[in-house]
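Read through the structure below, which is laid out as structure tokens, and then see the notes.
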Amino acid sequence: MGIDVPYEQTGRRQQKGRTRDALVTATRRLLAQGVTPTVEEAAAAADISRTTAYRYFPSQRSLLLAAHPQIDEESLLDADAPADAADRLEIVMRRFTDITVEWEPQLRTSLRLTLEESGGERPLLRQGRAIGWIADALAPLRESRPDVDVQRLAVAIRSATGIEALIWLTDIAGLDRADAARMMRWSARSMLRAALDGDQP
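Residue numbers are given in full-length UniProt numbering: position 188 of the sequence shown equals residue 188, and the series is strictly consecutive.
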């Protein structure tokens, strides 16, 4: 039995890569406008034929999953990041909340697809990249405060931040996005202080 190879990885790969990118870009633009596009709508927005679009994305779900933001950084800290865990966490949380607000429409869509649990395909939202960013910020505690479970604290902070928290703070609590971001950063600082005071999550 042969192995299925994605259409864009066969022949004229550079051109096919550009076509795929155009469809993903159009999808992200439509999501930012409040539209959850079908494959046909994304194709029209990208000025690509429907037949061609379906070769890349056979379903709306596969298209929407592709529109999830691809953020490959292992760390949100610069090379000259401070040594203090609280200062590092503040930098990471500012960048993380900026990313969350910037990519909100795409992240909302990925969260909805996650909740639908359709077809065994999981959005990148479940990979837990943000937990790694937060743990990286807290890394100095591994030596200075070995009594603090850094990984568990990172999970706790992530639970009060990110797209899920943004949705609740804006849609339910009625905060604007700037205030919601401030509250998420406050939650992160508060959890760190509690852990340093011996109140472990």
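Backbone N, C-alpha and C fix where the C-beta goes; we use that ideal spot for every residue, glycine too.
#1: Output needed for isoleucine 131: all residues of its chain with C-beta closer than 7 angstroms, excluding positions within five of it in sequence on either side, in chain order.
#2: How long is the line joining the alpha carbons of glutamate 116 and glutamate 164, rounded to whole angstroms?
#3: Terminal residues of the continuous alpha helix (DSSP H) containing isoleucine 131?
#4: Does the distance from the CB of leucine 23 to the CB of alanine 44 come in under 8 angstroms?
#5: Three Cβ pairs or more, each shorter than 8 angstroms: is that satisfied between the segment 73 to 90 and the segment 135 to 148?
#6: Just verifying my parser: in three-state terms, what is the DSSP assignment at proline 140?
#7: Out of Asp147, Leu107, Pro146, Gly162, point me to the one whose CA is closest to tryptophan 133's CA.
#8: Just tell me which of Ile71, Ala67, Thr19, Leu76 has its CA closest to the CA of arginine 50.
#9: Below 8 angstroms, how does it come out for the segment 71 to 80 and the segment 26 to 39: are there three or more Cβ pairs, yes or no?
In terms of the structure at hand:
#1: Reading the sequence shown from its first residue, position 131 is the one you call residue 131. Ala154, Val155, Arg158, listed in sequence order.
#2: In the sequence shown, the residue the question calls residue 116 occupies position 116. In the sequence shown, the residue the question calls residue 164 occupies position 164. The C-alpha of glutamate 164 is placed about 15 angstroms away from the C-alpha of glutamate 116.
#3: Stepping through the sequence shown from its first residue, residue 131 is reached at position 131. Per DSSP, the continuous alpha helix (DSSP H) segment holding isoleucine 131 begins and ends at 129 to 137.
#4: For the purposes of this step, residue 23 is taken as the residue at position 23 of the sequence shown. For the purposes of this step, residue 44 is taken as the residue at position 44 of the sequence shown. Contact: no.
#5: With three or more CB-CB distances shorter than 8 angstroms, the segment 73 to 90 counts as touching the segment 135 to 148.
#6: Counting from 1 along the sequence shown, the entry for residue 140 is found at position 140. Here proline 140 sits in coil by DSSP.
#7: On the sequence shown, position 133 is the one that residue 133 refers to. A check of alpha carbon separations from tryptophan 133 across Asp147, Leu107, Pro146, Gly162 identifies Gly162 as the nearest.
#8: Within the sequence shown, the letter at position 50 stands for residue 50. Nearest C-alpha to arginine 50: Thr19.
#9: Touching, no.
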